[in-house]
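Peer 1: Take this structure, written in structure tokens, and hold onto it; I'll ask about it next.
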Amino acid sequence: MSEIRRLIRPVPILLALVIFVAVPLGLAQFGKGYFFQIANLVLIFALLAASLHLVAGVAGLLHLGHAAFYGIGAYVAALLGTELKLGFLWGLPAGGLAAAVLALIVALPTMRLVSIYFAVATLAIGQMIHTVLLNWVSLTKGPNGVLLFSGIKLFGWAAKTPVAIYFVVAVVVAASIFAIHRLGHSYYGNALRSLREDDQCADAMGIDTVRLKIEVFTLSAFFAGIAGALWAYTTGYVSPTDFNFSNSILVLAMVVVGGLGSLPGAIIGAFLLILLPEVLRGFGDVRNVLVGLVMFFSILFLPKGLFGEVSALTFVRRHFGRSQNRVPGGEVGW
Amino acid sequence: MFDPYYLQQLAIGLSQGVIYALMAIGFTLIFGVLNVVNFAHGEIYTLGAFVGLLVITALAPPLLVVVLVVAAVGAAFGVGLERIAFKPFRRFSDEASLKSRAMRESTLMSSLAVSIVAREGLELAFGSQMQTLPFDQLINKPIALGPITIVTGDVIIFAVAAVMLIGLQWLLTRTRVGLAIRAVSANPLGAKYVGIDTDRTIILTFAIGSMMGAAAGVLVGLYYGAIFPAMGFVPGIKAFVAMVMGGLSSIPGAVICALLLGLSEGLATTFISSNWADMVAYGFLIVTLIFFPQGLFGAGRERV
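Protein chains in written order, with the working numbering: chain A, 1 to 334; chain B, 1001 to 1304.
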């Protein structure tokens, strides 16, 4: 009985049902490609927020240049597609890996910094990458951006309809978020939390904090690069303005509004801050003000976020973790 | 051998640096006391410029009056900003929450949210296009100075920055108010225990810092002749960079680094291209952070 209950966990199944059945069915009712565009955008930003959650929430490092790595992924995927005619299957991992490699290179000298110095360093790195994207005209076409006409093709199957594209995005995002979730709730994730709580203490206990920081920064950039590649393939157009400082801040706002340190919170934050401007489209120009106000009041009245880490942890423990229904002889939960 | 062209570029870079310095002074003052980064400082600067536009179009008073009015309005904005974005997060005044990262990040995000609201509100009211200021009020009459040419604005901005810096140093080191500010900056809880009204000191700091930010905004607006709602962003980032390079809490350090930044950007514009000038500033920042992690003027100094 308990074995069965262990296998059938309601929340992941429910989430999968919503993402893969309910949303496409519901959107197909409206029959407009536009709604699928929004759904893709929400999923991509959910992945972005989840990847930033790994650095900002779990490891507690204030990262102000995340959009730049997202941009690297998008540009690498788009340029591979247009210049070298390599398809989605190459562009997706290449985007992630390029972002990760770049993150590793910039992380090696800068990850010894702490607190506000770290934040400023990431801000500078993000701005530098943005400047390069904007001004290396011979490669990135500068402010004009890159148009990517080749759609998503997988092993001879081309995702042409909005539903098919949505499914590709949803699968990639779900798999990546699952990976981030497992990573966050492992011993490795706990080591990262120790960085956040007290990095000097963690150092004294034998945790190599600098190495951990470099690793988590690189990993997070990898997932941001994946999100960037998805963005390039779903919109078919990348330009430097999509990857500027205000986008880094937008992603950070998602993580903070949702609750620093909680993965469900980050995803909820992404849903809220992407869908809100769309829902408020009827309000015309006032909507950006309203988004700012929502951000402000959610910080003011919910300082721990909509779905803070502690409630997120009990939630996760109940539905995902094994620590509560531990089997004799089984491994200790996370 | 030494081309006057380069001297001219140096002068342009220096005047750019003075503009950054003007911004960095208020930024550093607020950071030094509250230990939080005030992301809304750039918007105070923009608001200052727009208030200046309104005052000039309505009354067309002399420059000094414009600057004084804008500074007063800026101080009011600063107090308002403190009230809505910072005060609610000072409910807990014990040492742990004063130092906690969550508190610091929540004020960072709340000031950011306020800045978004302010910027979008301005775009709603004025549109995101450039607004031109009346031509006869601009401060860009050229002055020939040997082989190079500067404009009146350079002199005025330099003078204002110098007055601000010296006045602030005097205020901080010679007056009781300054003493209170420095005490709160060194240890908020300790300051409270010896009977300093920390709330009032913080509000005062915001008022002074924002006054300077708003005055900087109107001067720069008059210097370039055009203002727009997003104008505070780039100088805000540069002031941030200068503040960090200067060691976060040293105002003279921030000013010197702002001048260095402006100069290096001017040189980069001359020798590479203006598009890549930003790279130099950020590169400087990274190099500073790696080799002088305390900033160029930070270590071994009293805070503020």
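Idealized CB from N, CA, C, for every residue including glycine. Predicted model, so just to flag it, every value in this text is computed and none were measured.
1. At 3 residues or longer, and completely inside the segment 1097-1175 of chain B: list those beta strand (DSSP E) runs for me, N to C.
2. Do you know offhand how far B/ALA1058's Cα is from B/SER1015's?
3. Relative to the C-alpha of B/MET1306, which candidate in A/LEU62, A/ILE105, A/ILE72, A/ALA100 has its C-alpha closest?
4. Look at the alpha carbon of A/ALA39 and the alpha carbon of B/GLY1121, and state the distance between them as a whole number of angstroms.
5. According to a CB-to-CB cut-off of less than 8 angstroms, which residues of the segment 1276-1287 of chain B neighbour chain A?
6. Residues of the segment 1113-1135 of chain B with a CB closer than 7 angstroms to any CB of chain A: list them in chain order, please.
7. Could you tell me whether the segment 168-185 of chain A touches the segment 218-234 of chain A, using the rule of 3 or more Cβ pairs below 8 angstroms?
8. Does B/PRO1142 pass the burial test, meaning 16 or more other C-beta atoms within 10 Å, or should it be called exposed?
9. Taking the beta carbon of A/GLN200 as the centre, do at least 16 other beta carbons fall within 10 Å, making it buried, or is it exposed?
10. Nearest CA to the CA of B/PHE1240: which residue from B/LEU1007, B/HIS1041, B/LEU1263, B/THR1132?
11. Given that a residue counts as buried once 16 or more other Cβ atoms are within 10 Å of its Cβ, and exposed if not, what is A/ASP198?
12. Please specify which runs of the alpha helix (DSSP H), each continuous and at least 4 residues long, are wholly inside the segment 208-259 of chain A, giving them in chain order.
13. For B/LYS1087, name the three-state secondary structure that DSSP assigns.
14. Strictly by DSSP, which residues pair up with A/VAL146?
15. Under 6 angstroms Cβ to Cβ from A/SER239, same chain only, skipping five residues before and after it: list those, please.
16. From B/ARG1182 to B/LEU1172, what does the alpha carbon distance come to, in whole angstroms?
17. Closest to B/MET1231 by CA distance: which of B/ARG1090, B/VAL1218, B/PHE1284 is it?
18. Starting from A/ALA121, find everything on chain B with Cβ-Cβ shorter than 7 angstroms and list it in chain order.
19. When you compare only the Cα positions, how much space is there between B/SER1115 and A/LYS85?
20. Exposed or buried, A/LYS160, counting other C-beta atoms within 10 Å across all chains shown (16 or more means buried)?
21. Can you give me the start and stop residues for the alpha helix (DSSP H) that A/LYS153 sits inside?
22. For the alpha helix (DSSP H) that A/ARG196 lies in, which residues bound it at each end?
23. Contact criterion: CB-CB distance below 7 angstroms. Does A/ILE38 meet it with respect to chain B?
24. For the alpha helix (DSSP H) that B/ASP1278 lies in, which residues bound it at each end?
25. Just curious, the alpha helix (DSSP H) that B/THR1198 is in, first and last residue?
26. At which residues does the alpha helix (DSSP H) containing B/LEU1189 begin and terminate?
27. Quick one, which of B/GLY1221, B/THR1132, B/TRP1170 has its alpha-carbon nearest B/ASP1154's?
28. Select from A/VAL216, A/PHE178, A/VAL279 the residue whose C-alpha is nearest the C-alpha of A/LEU195.
29. Should B/SER1250 go down as buried or exposed, given a rule of 16 or more other Cβ atoms within 10 Å for buried?
30. Looking at chain B, is there any beta carbon in it that lies within less than 7 angstroms of the beta carbon of A/GLY292?
31. Taking buried to mean at least 16 other C-beta atoms within 10 Å of its own C-beta, is B/GLU1302 buried or exposed?
32. With 16 other CB atoms within 10 Å as the buried threshold, where does A/TYR34 fall?
33. Kindly list the residues whose CB is nearer than 8 angstroms to the CB of B/VAL1244, restricted to its own chain and excluding five residues on each side of it in sequence; keep chain order.
34. Just to confirm, is the Cβ distance from B/VAL943 to B/THR1198 under 7 angstroms?
35. To which residues of the same chain is B/VAL1069 closer than 6 angstroms at the C-beta, ignoring the five residues directly before and after it?
36. For chain B, is any of its Cβ atoms less than 7 angstroms away from the one on A/PRO277?
Peer 2: In terms of the structure at hand:
1. 1142-1145, 1148-1151
2. 29 angstroms
3. In the structure as shown, chain B starts at 1001 and stops at 1304, and residue 1306 of chain B therefore has no counterpart that could be examined.
4. 28 angstroms
5. Under the 8 angstroms Cβ criterion, the segment 1276-1287 of chain B contributes TRP1276, ASP1278, MET1279, TYR1282, GLY1283, LEU1285, ILE1286.
6. Listed by position along the chain: ALA1113, VAL1114, ILE1116, VAL1117, GLU1120, GLY1121, LEU1124.
7. yes
8. exposed
9. exposed
10. Of the candidates B/LEU1007, B/HIS1041, B/LEU1263, B/THR1132, the residue whose Cα lies closest to the Cα of B/PHE1240 is B/HIS1041.
11. exposed
12. Counting whole runs of 4 or more residues, the segment 208-259 of chain A contains the alpha helix (DSSP H) stretches 209-235, 245-258.
13. Of the three classes helix, strand and coil, the one that applies to B/LYS1087 here is helix, per DSSP.
14. A/VAL238
15. Excluding residues within five positions, the ones whose Cβ falls inside 6 angstroms are GLY145.
16. 7 angstroms
17. B/VAL1218
18. ILE1286, LEU1289
19. 43 angstroms
20. exposed
21. Segment 152-154 is the beta strand (DSSP E) holding A/LYS153; no alpha helix (DSSP H) there.
22. Per DSSP, A/ARG196 belongs to the alpha helix (DSSP H) from 187-197.
23. no
24. 1277-1291
25. 1198-1224
26. 1188-1193
27. Closest option to B/ASP1154, Cα to Cα, is B/GLY1221.
28. A/VAL216
29. buried
30. yes
31. Per-residue confidence for B/GLU1302 stands at a pLDDT of 44, beneath the threshold of 50, marking its modelled position as unreliable; the derived number appears in the next sentence. By the neighbour-count rule (16 or more Cβ atoms within 10 Å), B/GLU1302 is not buried but exposed.
32. Around the C-beta of A/TYR34, fewer than 16 other C-beta atoms lie within 10 Å, and the residue is accordingly described as exposed.
33. LEU1285, THR1288, LEU1289, GLY1295
34. Because chain B here runs from 1001 to 1304, residue 943 of chain B falls outside it and cannot be looked at.
35. VAL1055
36. no
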